[in-house]
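**Q** Before we start, here is the structure in question, set down as structure tokens.
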Amino acid sequence: FFPHPLSPPSLWDPEGSVSPSRTPFPSGHSRHSPCCPWGRPSGRLPGLRPAEPGEFTLRAFRRGKLDLTAAEGLRDLIGAETEAQRRQALRQMEGELCRLYQSWSQSLTQVGA
1331 FFPHPLSPPS LWDPEGSVSP SRTPFPSGHS RHSPCCPWGR PSGRLPGLRP
1381 AEPGEFTLRA FRRGKLDLTA AEGLRDLIGA ETEAQRRQAL RQMEGELCRL
1431 YQSWSQSLTQ VGA
């Protein structure tokens, strides 16, 4: 649980997390297994549902916690297959690309003035 405003999407909603592994379910369990707490809601907790892919990133973007280049960097990090891809995605998430675009924008504005 991340209390607002420490929650990345800046919400009071309780958040659970699961390993980002490509195989997050223990052997012998499936996504819809009754003993899998993040699977299909069992009725014990009405309204509980798994987040859609990218849902928390979209919420963070809409609340101004991430810019578009950082959100794209997160997507690239999730899909990274090599160490170089991972490093590039992390730099993008940390704002390197955004700062580059901002400097270009300032330069173009000065040239046009």
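In the numbering used here, the protein residues as written are 1331 to 1443.
Cβ atoms here follow ideal geometry from the backbone N, Cα and C, with glycine treated the same way.
1) Assign Leu1375 to buried or exposed, taking buried as 16 or more other Cβ atoms, counted over all protein chains shown, within 10 Å of its Cβ.
2) Compute the Euclidean distance between the alpha carbons of Ala1400 and Gln1432, then round it to the nearest angstrom.
3) Let me know the secondary structure DSSP gives Arg1416 once reduced to three states.
4) For Gln1418, I'd like the list of residues in its chain whose CB is within less than 6 Å of its CB, leaving aside the five on either flank, ordered along the chain.
5) Assuming Thr1387 contacts Leu1398 under a Cβ cut-off of 8 Å, what Cβ separation, rounded to an integer in Å, is found between them?
6) Could you have a look at Pro1364 and say whether DSSP puts it in helix, strand or coil?
7) Please confirm whether Gln1415 and Glu1402 have their CB atoms less than 9 Å apart.
8) Under the three-state reduction of DSSP, which class applies to Gly1425: helix, strand or coil?
**A** With the given structure in hand:
1) By the C-beta density criterion, Leu1375 is exposed, having fewer than 16 other C-beta atoms within 10 angstroms.
2) So the two alpha carbons sit approximately 14 Å from each other.
3) Three-state result, Arg1416: helix.
4) Answer for Gln1418: no residue qualifies.
5) Rounded to whole angstroms, the Cβ separation of Thr1387 and Leu1398 is 11 Å, and the two are not in contact under 8 Å.
6) Any answer about Pro1364 is weak, because its pLDDT of 48 lies below 50 and its placement is not dependable; what the coordinates show is given next. Looking at Pro1364 - three-state DSSP - the assignment turns out to be coil, as it is neither helix nor strand.
7) Pairing Gln1415 with Glu1402 gives a Cβ-Cβ distance that is not under 9 Å.
8) Gly1425 falls in the coil class under three-state DSSP.
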